Every structure is written in structure tokens, then in C-alpha cells.
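The opening residue of the sequence shown carries number 569 in our numbering; numbering runs sequentially from there.
The C-beta atom is built at its ideal place from N, Cα and C for all residues, glycine as well.
Keep in mind it's a predicted model, so treat the numbers as computed, not measured.
Data first, discussion second: the structure below is written as C-alpha cells.
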Amino acid sequence: MSNLALLGGTPVREKLFPAHKFIAKEEKAAVSAVVETGILSRYIGAQHPDFMGGPQVKAFEEAWAEGYGAEHAVAMNSATSGLFAAAGAAAIGPGDEVIVSPYTMMASVTAAIVFNAVPVFADIDPGTFCLSAETIRAKITPRTKAIIVVHIFGQTADMDPIMALAKEHGLIVIEDAAQCPFATYKGRPAGTLGHMGVFSLNYHKHVHTGEGGVVSTNDADLAEKLRLIRNHAEAVVGKRGVTDLVNMVGFNFRMGEIEAAIGLCQLAKGPELIRRRQANVAHLETRLAGVPGLNMPVVGDGNAHVYYVHAITYDPVAMDLPRNVFVEALKSELPATELREGEGPLMGVGYVRPIYLEPMFQERMAYGNLGCPFACPHYKGEVNYDQGLCPETERAHFETLITHEMMRPPMTTADLDDVANAVQKVVENLPALRDYAARTGATTG
Ligand SMILES: *Cc1c(COP(=O)(O)O)cnc(C)c1O
569 MSNLALLGGT
579 PVREKLFPAH
589 KFIAKEEKAA
599 VSAVVETGIL
609 SRYIGAQHPD
619 FMGGPQVKAF
629 EEAWAEGYGA
639 EHAVAMNSAT
649 SGLFAAAGAA
659 AIGPGDEVIV
669 SPYTMMASVT
679 AAIVFNAVPV
689 FADIDPGTFC
699 LSAETIRAKI
709 TPRTKAIIVV
719 HIFGQTADMD
729 PIMALAKEHG
739 LIVIEDAAQC
749 PFATYKGRPA
759 GTLGHMGVFS
769 LNYHKHVHTG
779 EGGVVSTNDA
789 DLAEKLRLIR
799 NHAEAVVGKR
809 GVTDLVNMVG
819 FNFRMGEIEA
829 AIGLCQLAKG
839 PELIRRRQAN
849 VAHLETRLAG
859 VPGLNMPVVG
869 DGNAHVYYVH
879 AITYDPVAMD
889 LPRNVFVEAL
899 KSELPATELR
909 EGEGPLMGVG
919 YVRPIYLEPM
929 FQERMAYGNL
939 GCPFACPHYK
949 GEVNYDQGLC
959 PETERAHFET
969 LITHEMMRPP
979 MTTADLDDVA
989 NAVQKVVENL
999 PALRDYAART
1009 GATTG
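Here it is in C-alpha cells:
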């Protein structure tokens, strides 16, 4: 039994893990072809055929829609832009409440704020880390306008009951599928289960264009609103004969031709990259099976999990050790990943702090200094952002969740075995770690 690196021993591995990099000759050729044309973006913010963008953008949208079995795919310059456009298309506005998860990337929440609506946080289901119909139902009021369901970590929320609930109350459902491209729910693709589905193509996602995003929908009216908000709606609605002017305040959310050309290449690579993630997780989970106190993510029947991160639930009681000490010891055994050397091993305690704990919500300060949208005179509710609001989220974040990215391709079986060996080593040395925790006074987290 070798000594833990945290306690002065030799780490399991020091050589960096391989970079997650899938930009290759195909992308280079596609970019060169665009550069040759001299036209890097074709958009015009006026009523004109080029209002819809150039040939690469159109081809990318077509390929995405076809690949997803969605009627419409609208390319954006980020998923944040996509979420903002979707919130606008959903006619969210002052006085409205939008139910959203507190365990997500901030943009899922600011999509409501940007249209002066008030985010209302519902708790996560501890199995999927996503909202559930039960947690959403408890937060519905006469002011609720929409639900932003975040398919966090790579698996969808349990959507059938959520869609039934939304129908019962006449609510729009936006799926934040940024971490869930190519995933399925009961055999149906993530992002096509609600009224609109938003995907991210930023550098960290499964497939990427540097920065980019897509919104898919089967509703032609919503698709038209998304395209208008993407491209200076207010300048175009008159000539386009649009009569419903709600949220027809446009931005520039346009994707360029270079990104779209890269997106076409990446879209083709997506399924194989996902398959490798799934195989890597399967290998890791086989190696970790039987470690008491580490519970692997549970995948629902008919679902395909695409593992944006691998979310492991730690049981501090079974381990008789606070999670943070376990993770500190584990990280000491492992190296960083190439291209992200400065970040240390790609593993962490929890994910992001429950969003309502951030200053915007604690201080209720967003637009201007008068407290809008929280204190907007059109808002008749009183929203709670107190610590303790979402106990499952807080427990996951502060006590039980471990997330890591060390299953991304091109991790090899040997690389994965190093990760598993490190876990094994820490587990074999639990008594020494418990002494260390007692000495350093670590009691929680
Ligand atoms: C990455 C991410 C976003 C935002 O994506 P961008 O393309 O960077 O704007 C939104 N929601 C979730 C859940 C994400 O992971």
C-alpha cells in the first residue's frame, strides 16, 4: 500500500492526460474554402434574402435540423444568445416568472433576467441533477410563463411529466441542451422534447465551433421569432409584415460563415465522439464498481447519456470522510490535461454554486439600480433566494457531488486505468486520510 501523494507519497501519474482536441484537417480545409470566397459572413440586418445568413450558415442549419429530426434549426453565435432569443420568442416579459434550475451555467437564468422576468428556482432531482415535474409544480404561480429545463451533465430531465405539467398550465418549455447534444430521452433526441431546444458550440462542449450555438424547434412561428431576434428584429418587422411586436427587439446573435463551416465538420464527428465518451465511462465504471460510497450516475430507461461531465455521488457517511478531503487526495494523485495545464486535474467538488447564492440574487440588483426586475412595479410576486431554498441542490454541491472530465476522448484505456488506480489507492488509504482530516479539522464538504 503506497503512501498517498497528499501525505508525501508518489502520485499515481505525472504525465499530462491527452488534450481534448478534434479540430483537424477537415476543419482546416472547410475554413480555407470560406476564406477563399472572401465572404466571412453574409448577413444583412434588413428585409433581404441575406437576412437569413450565408450558404454555410444555411447548410449548417439544414444539417443540424435533419440530424436532429427537428423542423427548424436556427444558428446563433452562442448558446447564451440562443437562450436569450428563445426567452424572447417565448414572449417572456416584465411581471413574469420563469422556473429554472439553480444548478446550471448562469445563462440559463439570465435568459429570464434579460427580458425583465424573475427567475424562480426549483430544486433538482438528486438522481438526474435536473428539474423534475414535482419540483416544478411546487413553484408554479399565476405569474409563471415558462420553464427553462436544463439537461445538466449530459442526461435529460424526465421530460414526459414535465411536458404534461406545462400543457396543463399553458407554459412554454425551453430545453437548455448545451451539455446534452446527441443525447436521447426514451429514444427521442434531447432538444426536441420541449418547445425550443438550445445547444452550445463553445470550445468546452462535445462538438464546437470555438463559439456558437443552435436553437431547434418544430414551431414555425417560434423559428421566425428566433430569426428576428437574432438579427435586428425591430429594423425588419415592418417590411416583413410582422404584427406581434412582443420582444421584437433584435440583437446581433449571428453566426459567421467560418463557424458554420466548422460546425458542419463537427456535426459529422459528433456521434463517434459521443460513442467514445460512453465507452470510456463504461470502462471507468467497471473499474470503480464495488467501491462503497461512490455512486455512479443512473441512466433512465431508453435514455442515452452523453457525459458532458461524469457526475459521481459521494457518500460521506459510508466513507466516514468528508468529500472535499477525498477529492483533495484524489487530485493529488493525478495530472492536469494538455491544453488546460493551468487547471490541475479536471475534477472538482460539486459543479457551480447554487445560482441564487450569487450577488445578483442576494442583492436583487440587475438592470439599473432600482431593483428591476425583482422590484419592478409590474411584478406582483415575492421571490425567495434564501440559503436553504433548494436543499437537494445545496447537498449535492456542498457535500456529495464529484464531477470530472477525465473520460473525454482521446483518453485511452491506460489513461482511464490511471484514474481508476488513483481512486483505488485513495480508498485503500482511507484510514490515513481520516487521521489527516481529524488533524486538519476538515469536517464538512
Ligand atoms: C455552456 C453552457 C451554456 C452556454 O453556452 P455558450 O455557448 O458558452 O453561451 C448554457 N447552458 C449550459 C448548461 C452550458 O453548459
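- Counted as a single uninterrupted DSSP element, the stretch harbouring Ser784 is not any alpha helix (DSSP H) but the beta strand (DSSP E) occupying residues 781-785.
- The distance from the Cβ of Ser609 to that of Gly824 is about 4 Å, consistent with a contact at the 8 Å cut-off.
- By the C-beta density criterion, His774 is buried, having at least 16 other C-beta atoms within 10 angstroms.
- Around Ser646, the same chain offers Glu779, Gly781 as residues with beta carbons nearer than 6 Å, after the five sequence neighbours per side are excluded.
- Between ligand 1 and Val718, a heavy atom-to-CB distance of less than 6 Å is present.
- Counted as a single uninterrupted DSSP element, the stretch harbouring Tyr876 is not any alpha helix (DSSP H), since DSSP gives it neither H nor E.
- Within the same chain, Cβ atoms closer than 6 Å to the Cβ of Gly650 are found at Met644, Val766, Gly781, Val783, the five residues on either side in sequence being excluded.
- Gln615 is classed as exposed because its beta carbon has fewer than 16 other beta carbons within 10 Å across all chains shown.
- Distance from the CA atom of Ala1010 to the CA atom of Val885, rounded to whole angstroms, is 14 Å.
- Pairing Ile660 with Ile715 gives a Cβ-Cβ distance that is not under 7 Å.
- By alpha-carbon distance to Pro757, the top candidate from Glu736, Gly831, Glu639, Val602 is Glu639.
- Per DSSP, the unbroken alpha helix (DSSP H) holding Leu852 starts and ends at 825-856.
- With a minimum length of 4 residues, the unbroken runs of alpha helix (DSSP H) contained wholly in the region 688-754 fall at 701-705, 727-737.
- Per the coordinates, the alpha-carbon of Tyr611 lies some 15 Å from the alpha-carbon of Phe628.
- Between ligand 1 and Met764, a heavy atom-to-CB distance of less than 6 Å is absent.
- Ligand 1 has no heavy atom closer than 6 Å to the beta-carbon of Ala751.
- If you look at Met887, you'll find it in the alpha helix (DSSP H) that goes 884-887.
- By the Cβ test, the region 738-752 is in contact with the region 705-721, since at least three Cβ pairs between them sit closer than 8 Å.
- Annotation for Met764: the continuous beta strand (DSSP E) segment containing it runs 764-768.
- Shown here, Met928 sits in a helix according to DSSP, grouped into three states.
- Under the three-state reduction of DSSP output, Phe942 falls in the coil class, being neither helix nor strand.
- In the three-state reduction of the DSSP assignment, Met673 falls in the coil class.
- As a beta-bridge residue in DSSP terms, Tyr935 pairs with Cys940.
- The alpha carbon of Thr678 has as its nearest neighbour, out of Gln747, Ala701, Glu926, the alpha carbon of Glu926.
- Judged by DSSP secondary structure, Val804 falls within the alpha helix (DSSP H) whose first and last residues are 801-808.
- With a threshold of 6 Å, the Cβ atom of Ser646 counts as near ligand 1, since some heavy atom of the ligand is closer than that.
- Comparing alpha-carbon positions, the option among Arg963, Tyr947, Tyr876 lying closest to Val718 turns out to be Tyr876.
- Annotation: the continuous alpha helix (DSSP H) that includes Gly635 extends over 623-636.
- The residues Glu639, His640, in chain order, have a CB closer than 8 Å to that of Ala788 in the same chain once the five nearest residues on each side in sequence are set aside.
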